[in-house]
Amino acid sequence: MVLENKPRRWACGSALILVASILSGCGGDDGGSTTLTYYIADAAQEDVATRCSAESGGAYTFNIQRLPNTAAGGREQLLRRLAAEDRSMDIVSVDPPFMAEFANAGFLRAFTAAERQEFSNGVLEGPLVQSTFRDTLWSAPLYGNTQLLWYRKSVLQKAGVDPSAGPVTWNQLIEGASRAGVTVAAQGRRNESLMVWVNALVSSAGGSILQPGSENLPADEVKGGLDTEAGAAAARIMHDLAVSPAAPAGFSTAGEEDSRAAFQAPDGGFMVNWPYVWAAFDTSIEEGSLPADFKDDVGWAAYPRVDAGTESAAPSGGLGLSISAFSGRQDLAVEAIRCLASEKSQTEFMKKAGNPAALASVFDDPGIREMFPMADQIREGLDAATPRPVSPYYGDVTGSIQTAFHPPDALSPENTPRESNDLLEDVLSNKRLI
Amino acid sequence: MSTVEAPPREPATARRPRRLRLTDRARHERNLGWLLAGPAFIVMVAVTGYPILNAVWLSLFDYRLTDPGGREFVALGNYVTILGDGLFWQQFGITSFITVVTVAAELVLGFGLAMVMHRALYLRTALRTAILVPYGIITVVSAYAWAYAFSNTYGFVNGLFGLGDFDWFGGTWSALFTVCVAEIWKTTPFMSLLLLAGLAQIPDDYLEAAKVDGATAWQRVKRVILPNMKAAIMVALLFRTLDAFRIFDSIFIMTAGAQGTETLSFLAYRQTISRVMVGLGSAVSVILAILVVLIAVMFVKVFKTDLSQQRGER
Chain Y
1397 MVLENKPRRW ACGSALILVA SILSGCGGDD GGSTTLTYYI ADAAQEDVAT
1447 RCSAESGGAY TFNIQRLPNT AAGGREQLLR RLAAEDRSMD IVSVDPPFMA
1497 EFANAGFLRA FTAAERQEFS NGVLEGPLVQ STFRDTLWSA PLYGNTQLLW
1547 YRKSVLQKAG VDPSAGPVTW NQLIEGASRA GVTVAAQGRR NESLMVWVNA
1597 LVSSAGGSIL QPGSENLPAD EVKGGLDTEA GAAAARIMHD LAVSPAAPAG
1647 FSTAGEEDSR AAFQAPDGGF MVNWPYVWAA FDTSIEEGSL PADFKDDVGW
1697 AAYPRVDAGT ESAAPSGGLG LSISAFSGRQ DLAVEAIRCL ASEKSQTEFM
1747 KKAGNPAALA SVFDDPGIRE MFPMADQIRE GLDAATPRPV SPYYGDVTGS
1797 IQTAFHPPDA LSPENTPRES NDLLEDVLSN KRLI
Chain W
1095 MSTVEAPPRE PATARRPRRL RLTDRARHER NLGWLLAGPA FIVMVAVTGY
1145 PILNAVWLSL FDYRLTDPGG REFVALGNYV TILGDGLFWQ QFGITSFITV
1195 VTVAAELVLG FGLAMVMHRA LYLRTALRTA ILVPYGIITV VSAYAWAYAF
1245 SNTYGFVNGL FGLGDFDWFG GTWSALFTVC VAEIWKTTPF MSLLLLAGLA
1295 QIPDDYLEAA KVDGATAWQR VKRVILPNMK AAIMVALLFR TLDAFRIFDS
1345 IFIMTAGAQG TETLSFLAYR QTISRVMVGL GSAVSVILAI LVVLIAVMFV
1395 KVFKTDLSQQ RGER
């Protein structure tokens, strides 16, 4: 008996240890802790967080968690954790187009009226609009973003296009670049950046991907706005660029960084891209892959127009700081966001990451004006930028658009608008797969 | 000639349960065995059985993770949607294409490598290690390595073959080619390892006898080696086919499913993870699982694959 009891006791003991370790893995949230788990999307957020934590005098510290690099990857991770009511999340960095989806599902804590007043104060129109859903503020804008048209001054004469003299259209750019033997870099890769481009083109043509008022409708009642002149204009421009000599090599797989590489190449001419590229040029110059005077040849202007007579609707991006609805330290999180999204932090962040601040006042900072000679253009762009569709079903919307508008060289102004609209509505009603 | 012989059967009486004749000690040992193995058994059932049943149950609902209140029972509605969608059949075709191409290429290359490993006289261990290195690399890492290799901006492939700035990932067939290359490079060692085990089981006498009888090298391969390796080949093919049919990582990294390179695993991923349509995604997963089971059944029943080969029972 003695011989048998020993292993039995051992077995029971190990089972207990196993159960205990599983249970302890599920808990781990002692309400009294002052450590806030902060999910960041950009490395520069960590530097700001370190300073804020030091300045708080011990009121809070951060446990920094990095989200995946891509917008879609970040969304998926946040969505999965929040859907599982992960109590270990406090502050999350949310890409604005995904905010409505999270807010609608009850994953985020709404900011109170007083907090809304505080976090909206002095924020530019574009970043503010995309942080609000159903008249409630769900994210404190950390930075806003908009795309500009970048050009190489040395190719303008040959191309016969001068964006510095006034607004230019996509057609002028494609024709001019083809004539001059240079490229027009845009993001043709099938990911969120393609959605950004489609949305900007449709909006610039006076349309919208979803019909107005769709944000409060159930998924199967949402109507698309693509089977229109605006949808046809978007398909035509994307196709024309993709099949023209002005399309850089690998156009249908080019993301933002590939576009920058194409623009920096000897046959680079024009590019639509976010302002981070300005700081990124410096990095390439420091690394020796670009000549020291490269930036002297680079100019910038407002986003290209679809119709010469209609103002363009530049893409809108950015990042907001939201508080998880399942966090046990929500008040402390609000206090931390006061520092994380402060004017000082946004200035510091803009200098480090090259991403434009959401607060108008940051653009008056002398250091910022020196680093970003195009600061005024960005500020104007942020005010006029057009957000992507606000929808609780944004995942379906962007997935359908990315499927229907790719590859760009296969699009046609005759078929793409109808096909994309049908796909969008069918996917939302759960009738088709993507 | 075949080395596959039926195992000697135990006398019928030996297989009958003899519960009554168990001694106290034997009974205690059996109980202790259950006590020791029981927790592991329960955990195994919990981590495999529960998710499978849960997925089958969820597949009967129209259920979006971000809209739990809108959950609605639709019975087989999701299956009807999936099987009626051209995208499913297109991706089924792509998945089958990748499976057939990669497994066929791996079989030929794997056999060659297995022969090299088997026959090597010098540096045997170093050679085997070198051949197995790709299999030790994580699929995502290998996919990144090949994506960089085929990149038209910083890859070496275009430079090596004078292809200029050809965009491998810009077209369906060229993109599929890169995916197949990455898969074949990564998993051929696994195939060759399984084949090596089969090769090692062939007694040298057979080959020597064939040699003495004047068989050429090709005749020895065709008449002696291959028939004796049939069981090992079928098991290797079965394992690799099941694996290849569920391909995901390489495509996710190399093309992200663009240019029509999405496979059935990708379809499940997009519905479940990207769209958070848990019901629809579960239905895709269930269909995928059924297809995998069908492949296994086909190998075991139609091709008479002998799995005991792999369990070391012979």
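Sequence lines, in order, name chains Y and W. Mapping to our numbering: the first sequence position 183 is 1579, numbers consecutive. Mapping to our numbering: the second sequence position 108 is 1202, numbers consecutive. Glycine is no exception: its CB is placed at the ideal position from the N, C-alpha and C atoms.
Minimum C-alpha distance to residue i - residue among the options
{"i": "Gly1292 (chain W)", "options": "W:Pro1145, W:Ala1208, W:Ser1153, W:Arg1369", "result": "W:Ala1208"}
{"i": "Asp1623 (chain Y)", "options": "Y:Ala1615, Y:Asp1761, Y:Thr1430, Y:Gln1607", "result": "Y:Gln1607"}
{"i": "Gly1163 (chain W)", "options": "Y:Ala1601, Y:Ala1501, Y:Gly1651", "result": "Y:Ala1501"}
{"i": "Asp1761 (chain Y)", "options": "Y:Ala1749, Y:Gln1742, Y:Leu1778", "result": "Y:Gln1742"}
{"i": "Ala1576 (chain Y)", "options": "Y:Pro1563, Y:Arg1548, Y:Gly1603", "result": "Y:Arg1548"}
{"i": "Asp1636 (chain Y)", "options": "Y:Arg1586, Y:Trp1696, Y:Thr1565", "result": "Y:Thr1565"}
{"i": "Asp1156 (chain W)", "options": "W:Ala1390, W:Lys1280, W:Ser1376", "result": "W:Ser1376"}
{"i": "Tyr1790 (chain Y)", "options": "Y:Val1618, Y:Lys1691, Y:Thr1457, Y:Ala1450", "result": "Y:Val1618"}
{"i": "Trp1351 (chain Y)", "options": "Y:Glu1731, Y:Ile1436, Y:Met1667", "result": "It is not possible to answer for residue 1351 (chain Y), since the shown part of chain Y is limited to 1397 through 1830."}
{"i": "Glu1497 (chain Y)", "options": "Y:Leu1520, Y:Arg1530, Y:Gly1518", "result": "Y:Arg1530"}
{"i": "Arg1369 (chain W)", "options": "Y:Arg1725, Y:Ala1615, Y:Ala1450", "result": "Y:Ala1615"}
{"i": "Ser1640 (chain Y)", "options": "Y:Gly1714, Y:Arg1734, Y:Thr1579, Y:Arg1483", "result": "Y:Thr1579"}
{"i": "Thr1431 (chain Y)", "options": "Y:Asp1438, Y:Ala1440, Y:Thr1457", "result": "Y:Thr1457"}
{"i": "Thr1446 (chain Y)", "options": "Y:Thr1812, Y:Phe1768, Y:Glu1776, Y:Glu1744", "result": "Y:Glu1744"}
{"i": "Ala1224 (chain W)", "options": "W:Met1211, W:Ser1236, W:Thr1233, W:Val1235", "result": "W:Met1211"}
Neighbourhood of residue i by C-beta, 7 Å cutoff - its chain only, sequence neighbours within 5 removed
{"i": "Leu1819 (chain Y)", "result": "Ser1796, Thr1799, Ala1800, Arg1828"}
{"i": "Val1197 (chain W)", "result": "Leu1331, Arg1334, Thr1335, Ala1338"}
{"i": "Asp1822 (chain Y)", "result": "Arg1828"}
{"i": "Gly1621 (chain Y)", "result": "Gly1603, Ser1604, Ile1605, Leu1606, Gln1607"}
Helix, strand or coil at residue i according to DSSP, with G and I counted as helix
{"i": "Ser1516 (chain Y)", "result": "helix"}
{"i": "Gln1660 (chain Y)", "result": "helix"}
{"i": "Leu1533 (chain Y)", "result": "strand"}
{"i": "Phe1393 (chain W)", "result": "helix"}
{"i": "Gly1454 (chain Y)", "result": "coil"}
{"i": "Gly1421 (chain Y)", "result": "Residue confidence is low: Gly1421 (chain Y) scores 43 on pLDDT, short of 50, so the model does not pin down where it sits. No coordinate-derived value is stated."}
{"i": "Phe1843 (chain Y)", "result": "With chain Y covering only 1397 through 1830, there is no way to say anything about residue 1843 (chain Y)."}
{"i": "Leu1715 (chain Y)", "result": "strand"}
{"i": "Gly1406 (chain W)", "result": "In this prediction, Gly1406 (chain W) scores a pLDDT of 47, lower than 50, which makes its location untrustworthy; no coordinate-derived value is stated."}
{"i": "Gly1777 (chain Y)", "result": "helix"}
{"i": "Arg1505 (chain Y)", "result": "strand"}
{"i": "Phe1722 (chain Y)", "result": "coil"}
Beta carbon proximity, residue i to chain Y, threshold 9 Å
{"i": "Thr1175 (chain W)", "result": "yes"}
{"i": "Leu1116 (chain W)", "result": "no"}
{"i": "Gly1164 (chain W)", "result": "yes"}
{"i": "Met1138 (chain W)", "result": "no"}
{"i": "Asp1161 (chain W)", "result": "yes"}
{"i": "Ser1368 (chain W)", "result": "yes"}
{"i": "Asn1246 (chain W)", "result": "yes"}
{"i": "Asp1343 (chain W)", "result": "no"}
{"i": "Met1285 (chain W)", "result": "no"}
{"i": "Gly1351 (chain W)", "result": "yes"}
{"i": "Gln1313 (chain W)", "result": "no"}
{"i": "Leu1374 (chain W)", "result": "yes"}
{"i": "Asp1156 (chain W)", "result": "yes"}
{"i": "Arg1124 (chain W)", "result": "no"}
Short CB-CB distance (under 9 Å) between residue i and chain W
{"i": "Ser1589 (chain Y)", "result": "no"}
{"i": "Leu1606 (chain Y)", "result": "no"}
{"i": "Ser1417 (chain Y)", "result": "Legend: pLDDT at Ser1417 (chain Y) = 47, less than 50; position of this residue unreliable, value from coordinates given subsequently. Closer than 9 Å: no."}
{"i": "Glu1472 (chain Y)", "result": "yes"}
{"i": "Leu1545 (chain Y)", "result": "no"}
{"i": "Asn1500 (chain Y)", "result": "yes"}
{"i": "Asp1558 (chain Y)", "result": "no"}
{"i": "Val1592 (chain Y)", "result": "no"}
{"i": "Lys1827 (chain Y)", "result": "yes"}
{"i": "Asp1818 (chain Y)", "result": "no"}
{"i": "Val1823 (chain Y)", "result": "yes"}
Same chain, Cβ closer than 6 Å to residue i, neighbours up to 5 away in sequence not counted
{"i": "Val1673 (chain Y)", "result": "Arg1656"}
{"i": "Ser1634 (chain Y)", "result": "Contrary to the premise, residue 1634 (chain Y) reads as Met rather than Ser in this sequence. Within the same chain, Met1634 (chain Y) has close Cβ partners Pro1804, Leu1807."}
Other residues of its chain near residue i: CB distance less than 8 Å, five sequence neighbours each side excluded
{"i": "Gln1353 (chain W)", "result": "Phe1263, Gly1264, Gly1265, Thr1266, Ala1269"}
Along the stretch 1650-1678 of chain Y, what residues have a CB closer than 8 Å to any CB found in chain W?
Asp1654, Ala1657
With 7 Å as the limit, tell me which residues of the stretch 1260-1271 of chain W have their beta carbon closer than that to any beta carbon of chain Y; keep them in chain order.
Asp1261, Phe1263, Gly1264
Residues, ordered as in the chain, of the stretch 1200-1221 of chain W that lie near chain Y by beta-carbon distance below 8 Å
none
Interface residues of the stretch 1179-1192 of chain W facing chain Y [CB-CB below 8 Å]
Asp1179, Leu1181, Phe1182
So if I threshold CB-CB distances at 8 Å, which residues from the stretch 1636-1650 of chain Y count as touching chain W?
Ala1645, Gly1646, Phe1647, Ser1648, Thr1649
Please identify, using Cβ separations under 7 Å, the residues of the stretch 1731-1752 of chain Y that lie next to chain W, in order along the chain.
none
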